[in-house]
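Undergrad: Just so you know, we're using our numbering here: the sequence shown kicks off at 111 and counts up by one.
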Amino acid sequence: MRFLLDTCIVSEPGKKLPNPKVLNWLLQHQANSGIPTLAVSELAQGVYWLPPHEQPGPEAKLNTLLADQADNIVPFDTEAALAWGKYVADIRQTPKGIIDTQIAAIAISRDLIVVTRNVDDFPAPVKTFNPFD
């Protein structure tokens, strides 16, 4: 595994008009990409923010994604937790964007590149790539 997908990348294929650059990038790199558990939590939050009558379709899509990508889900584990503590201390950032800092810590602990549209949300030493460019 070489890449860690931010939530905005995981959700792109499900949009009405997904960005073709992102779709092409995903097709080329899917085998080398992981989805952080924190992106799963953000996707679930999006599903459950919907009114109950609108949830079944998106919930089914999320469950299909999770089943299809089960081997590529990357947890926030002890190594990531230790990396997170060091990361937020080093960048002297109060974790207002705690999910982004935890995704960053997963990437740091596994030497992965975060694939995101929001590269500014992941300050150094996190390596990032923006497939929208």
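From the three backbone atoms N, C-alpha and C, an ideal C-beta is built for every residue, glycine too.
What is the residue span of the beta strand (DSSP E) that THR238 lies within?
TA: Position 128 of the sequence shown, counting from 1, holds the residue named residue 238. Unbroken beta strand (DSSP E) run through THR238: 237-239.
Undergrad: Touching or not, the stretch 194-201 and the stretch 134-146, by the rule of three or more beta carbon pairs under 8 Å?
TA: No: fewer than three Cβ pairs fall under 8 Å.
Undergrad: Among ASP243, ILE216, LEU222, which residue has its Cα nearest to the Cα of ASN228?
TA: Looking up residue 228 in the sequence shown gives position 118. Of the listed residues, the one whose Cα sits closest to ASN228 is ASP243.
Undergrad: Is the beta carbon of PHE113 sitting closer than 8 Å to the one on SER143?
TA: The residue labelled residue 113 in the question sits at position 3 within the sequence shown. The residue labelled residue 143 in the question sits at position 33 within the sequence shown. Contact: yes.
Undergrad: Taking only three categories from DSSP, how would you classify SER143?
TA: Residue numbering aside, residue 143 sits at position 33 when the sequence shown is read from its first letter. The answer is strand: DSSP assigns SER143 an E or B state.
Undergrad: Given this structure, state the Cα-to-Cα distance separating PRO233 from THR211, to the nearest angstrom.
TA: As a position in the sequence shown, residue 233 is number 123, starting the count at 1. As a position in the sequence shown, residue 211 is number 101, starting the count at 1. Near 9 Å, if we compare the C-alpha coordinates of THR211 and PRO233.
Undergrad: So what does DSSP say about LEU222, is it helix, strand or coil?
TA: Against the sequence shown, residue 222 aligns to sequence position 112. If DSSP states are grouped into helix, strand and coil, LEU222 belongs with coil.
Undergrad: Is it buried or exposed for THR117, if we count other Cβ within 10 angstroms and need 16 for buried?
TA: If you number the sequence shown from 1, residue 117 lands on position 7. That one is buried.
Undergrad: Using DSSP's beta-bridge definition, name the partner residues of ILE183.
TA: Here residue 183 is taken as the residue at index 73 of the sequence shown, counted from 1. Paired residues: ILE145.
Undergrad: For the beta strand (DSSP E) containing LEU114, list its first residue and its last residue.
TA: Taking the first residue of the sequence shown as 1, we reach residue 114 at position 4. Run containing LEU114: 113-115, per the beta strand (DSSP E) assignment.
Undergrad: In its own chain, which residues sit with a C-beta less than 7 Å from the C-beta of LEU148, not counting the 5 before and 5 after it?
TA: For the purposes of this step, residue 148 is taken as the residue at position 38 of the sequence shown. If we look at LEU148 and ignore the five residues flanking it on each side, its Cβ neighbours are PHE186, ILE209, GLN212, ILE213.
Undergrad: Apply the 10 Å Cβ neighbour rule to PRO146 and answer buried if 16 or more other Cβ atoms are within range, or exposed otherwise.
TA: Looking up residue 146 in the sequence shown gives position 36. Label assigned to PRO146: buried.
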